[in-house]
Every structure is written in C-alpha cells, then in structure tokens.
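Going left to right, the sequence shown walks through residues 3 to 331 as the numbering used here numbers them.
Written out below as structure tokens is the structure these notes cover.
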Amino acid sequence: MKHILVLGGTGFVGAHVCEKLGQAGYRVSVATRKARNASHIQHVPTLTVLELDIHNEQALTQAMQGVDAVVNLVAILHGSAAAFERVHVELPQKIGRACVKNGVKRLVHISALGAHAAHPETAPSNYLRSKSRGEVALQTITGQSQSATQLTVLRPSVIFGAQDQFLNVFAKLQRVFPVMPLACASAKFQPVWVEDVALGVLRCLQLSGAAVKALPVLEAVGPHVLTLKSLVQLAARFSGIGQGRGRPVIGLPRWMGKIQAVILGFMPGEPVMSVDNLDSMRIDNVSAGALPGLQALGIQVASLVAVAPSYLLHDPSDQGLLAIRKRSR
Ligand SMILES: NC(=O)c1ccc[n+]([C@@H]2O[C@H](COP(=O)([O-])OP(=O)(O)OC[C@H]3O[C@@H](n4cnc5c(N)ncnc54)[C@H](OP(=O)(O)O)[C@@H]3O)[C@@H](O)[C@H]2O)c1
C-alpha cells in the first residue's frame, strides 16, 4: 500500500483529500499542529495523525521517511507579509528539501489561481506573490539533478463545498444584515467544487511516467465564471434568504472597501475580508485557458449551481424558534 503524507490534511480541502486517498486504498499520514484538529478525519481507516511542527525541517524530514508521496495543502489567507513568506515560501522550501533528501517520488502542491511563477512580483497581493514564490522555490528544488521528486502544482480558483468559508459566509451575513455592502462586486471567479479538487489531487498522484512531466501545473476551475456580486446573490437564493431574493447588494468603491476591510481586521476571529484579499481581487480569478485543467485528469467538473443548493438549504438554524423567525421574514 502506498504511503502518502498530507500536510494541511485537517483543512477544508485536506479532509476531502484524505477521504479520497483512504477510499483509493492509500495509507495516509496527516501532520497537524494539534491532534484534536484532525478529529473530523479520524474515521478514514488507513489514516494516522502526527502531531508535528512542520516548520521544523528535521522533524519534517523524519516524518517523510518511507513515504511515497507528499501532498501540501498548508496555507493562510490572512497575515503579515512575513507570515505569508513563512507559510507559502519557506515551508515549501523545507518540504521540497525534505522530499529530495528522502527520495520521495511525488509531490503535489496546492497553490492558487493567480499565482504567477514566471513573474511573482507582478501578482497583486501578498497572498498571491508568496504563493508564486512558493511555486518557484519548489520547482527549483525538485528540478535539481539529484532530485528524484516529481512535482505537480495545482492552482484552484475559489473552492465551494458543504464546509466552505465562502458561500456559507455570504449566506450567514445575509441572514443577519439587511443589506450587503460589497467591495470588488464585479471581480470574477471560476468556483470549483471541493470534491473535484480532491479528486484532482488523487489523479495527480496516480499519474506516472511521461504524464507527470506533461502536466507540471494544472488549473482547478469550475465550468462557469461568476462575479462576486452574483455569488453573494446565489448564496442567498440557495439558502432561501428573503424568500430567495437575498439582501440588496451595495457595491462599494475601492477606498470604502479598504476601510471596511481594515475595520473587519480588528474584529475577533478570522476576518471575513482583509485588505490583502481586496488586493487579490484586483485581477479576475479565472483561467486564461493556457494551462490544462482538471479535465486533463479525466474529471468532469461540477457547477456551483448544481451542487451548492444541496448544502446551503440545510442551515443549522432551520430548527426551533430561529426557524419560525426566519420564515416570518
Ligand atoms: N479554500 C479555497 O477557496 C482555496 C482557493 C484557492 C486555493 N486554495 C488552496 O488550497 C489549499 C487548501 O486550502 P483550505 O481552504 O483547505 O485551507 P484551510 O482549511 O485553511 O486549511 C489549511 C491547513 O493548513 C494548516 N495550517 C494553517 N496555518 C498553518 C501554519 N501557520 N503552520 C502550519 N500549518 C498551518 C492547518 O493545519 P493544522 O491547523 O491542523 O495544523 C490546515 O489544515 C491551500 O493551499 C489554499 O491556498 C484554497
């Protein structure tokens, strides 16, 4: 049985990747900062959880002993330039070196659509610049003559699925607020289903020989291009908010969007939107069509309109008093 080490396996996409790998009969090890973060994936029968500081290169190198392939899904969406550098550039460098040292055959690295390995500095945000530099670092390390590690980079657009922090957040906000002030309302995305991304990771791992070389970088995008405004409206429609009409969306000019993002940054917990997120949306998050997509792996990608209603309709507040209040709106 092949042994796969999954970094970031406790996250939104990672949990689906672990399920797919388990179903396909792989032995899966998931490295996490806190073992309790992995409680929702413990049911995968072939899965082992390793509590590990993956930023410690020695510990990481040790964890890769006897591993056939590594999947890297570790990322942050918010933070300082230094934090992005640490997680998106320095960590991939450590992962790349540890893979090469251990003779790990395959490395699948999840980057992001909009990352630009040829010209990292042209990317519009810290998130995308660091993602770009992370790709370059991995290509350089795994491209060395002594390297037996073959790298595949997967660049997804925004990912939707039952536990997403995207359509679910838009729905949640519209349940609470009477209007939706929205910056970058016309920014475009090509949302991709989390199950398709997870299947993409599995298929990348199953590539062999010339096929690996033929597909060094893939884009993971869905079949439709949608604006941010239409995504907010669809989230409301599928959740039945305001009888499916949702809340009025008020497009904010850039400067106002920045003020909103700065204020949100001071709220407790993960911010809904940061200035860096706004910067990322300066370029549309859609495929230019120059790189292969998930179709090159034999995947027929699902549309958001077909999948999202099935999970957005099941709002946890659909029971008891909250439901009565919701129906009365
Ligand atoms: N979700 C999307 O819409 C989207 C879109 C484009 C690209 N992507 C990319 O897809 C990948 C997976 O995204 P996701 O949404 O599944 O992310 P996620 O849910 O936020 O999970 C991130 C994972 O990274 C680990 N992690 C976070 N910060 C870390 C740190 N400082 N040090 C070490 N580990 C850390 C966490 O593991 P522990 O807490 O267990 O240690 C967690 O399992 C990422 O590369 C992301 O950039 C996602």
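From the three backbone atoms N, C-alpha and C, an ideal C-beta is built for every residue, glycine too.
Pull up the distance between the alpha-carbon of residue i and that of residue j, whole angstroms please.
i: residue 292; j: residue 117; result: 14 Å
i: residue 260; j: residue 130; result: 18 Å
i: residue 6; j: residue 158; result: 21 Å
i: residue 52; j: residue 201; result: 23 Å
i: residue 89; j: residue 11; result: 15 Å
i: residue 96; j: residue 182; result: 42 Å
i: residue 327; j: residue 243; result: Residue confidence for residue 327 is low, a pLDDT of 42 falling below 50, so the modelled location carries little weight; the figure read from the coordinates is stated next. Their backbone Cα atoms lie some 12 Å apart in a straight line.
i: residue 277; j: residue 104; result: 39 Å
i: residue 22; j: residue 42; result: 14 Å
i: residue 191; j: residue 18; result: 22 Å
i: residue 269; j: residue 171; result: 15 Å
i: residue 162; j: residue 189; result: 17 Å
i: residue 68; j: residue 236; result: 46 Å
Mark residue i as exposed unless 16 or more other C-beta atoms lie within 10 angstroms of its C-beta, in which case mark it buried.
i: residue 211; result: exposed
i: residue 13; result: buried
i: residue 312; result: exposed
i: residue 256; result: exposed
i: residue 35; result: exposed
i: residue 265; result: exposed
i: residue 303; result: buried
i: residue 55; result: exposed
i: residue 187; result: buried
i: residue 136; result: buried
i: residue 402; result: This structure gives no information on residue 402, because the portion of the chain shown stretches from 3 to 331.
i: residue 111; result: buried
i: residue 197; result: buried
Please list the terminal residues of the continuous alpha helix (DSSP H) segment that includes residue i.
i: residue 18; result: 14-25
i: residue 63; result: 59-65
i: residue 99; result: 93-104
i: residue 85; result: 83-87
i: residue 114; result: Where residue 114 is concerned, there is no enclosing alpha helix (DSSP H), given that its DSSP letter is neither H nor E.
i: residue 279; result: 277-282
i: residue 71; result: Where residue 71 is concerned, there is no enclosing alpha helix (DSSP H), although the beta strand (DSSP E) it sits in stretches over 71-74.
i: residue 306; result: 306-314
Within 8 Å (strictly less), CB to CB, does residue i reach chain C?
i: residue 9; result: As a matter of chain content, chain C is missing from the structure shown, which is built from one protein chain.
Taking the continuous beta strand (DSSP E) assigned at residue i, which residues delimit it?
i: residue 6; result: 5-9
i: residue 333; result: What the structure shows of the chain is the stretch from 3 to 331, and residue 333 is not part of that stretch, so it cannot be assessed.
Mind pulling the alpha helix (DSSP H) runs of 4 or more residues that sit fully within the stretch 143-231? Here the runs fully enclosed are 169-178, 196-208, 212-216.
Unbroken beta strand (DSSP E) runs of length 3 or more, entirely within the stretch 27-51: which are they? At a cut-off of 3 residues, the continuous stretches assigned as beta strand (DSSP E) that sit fully inside the stretch 27-51 are 29-34.
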